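To start, the structure itself, in structure tokens.
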Amino acid sequence: LTNDQAEDIFNQTSYAEAIQCADEYVPNLPLMKRNAIIDVASTSCRALNTFVKMKKALQMKN
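Here this note's numbering is used: position 60 in the sequence shown is 75, and no number is missing along the way.
Take a look at the structure:
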């Protein structure tokens, strides 16, 4: 597996899933906040959903 092949797999599956998870967690975030949430979601969507207080703060635009 080459680096390019691994990157293609990541971009086609893992990253797409992280984006979907982040957008479902709190939709319509500003770009910088959205990117940070995508980073967390790329590690584990399940873990992201345990951050209840952060979700409430983001929903309140804090």
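Note that CB positions come from ideal geometry on N, CA and C, so glycine has one too.
Remember, it's a predicted structure, so these values are computed and weren't measured experimentally.
A direct Cα-to-Cα measurement between Ala37 and Asn18 gives close to 26 Å. Nearest to Cys60 by C-alpha distance, out of Lys48, Ala31, Lys76, Ala72, is Ala31. A direct Cα-Cα distance of roughly 16 Å separates Phe66 from Lys76.
Straight through space, the alpha carbons of Leu44 and Ala51 are spaced by roughly 10 Å. Here Lys48 is actually not in contact with Leu16; their C-beta atoms are around 33 Å apart, not less than 8 Å.
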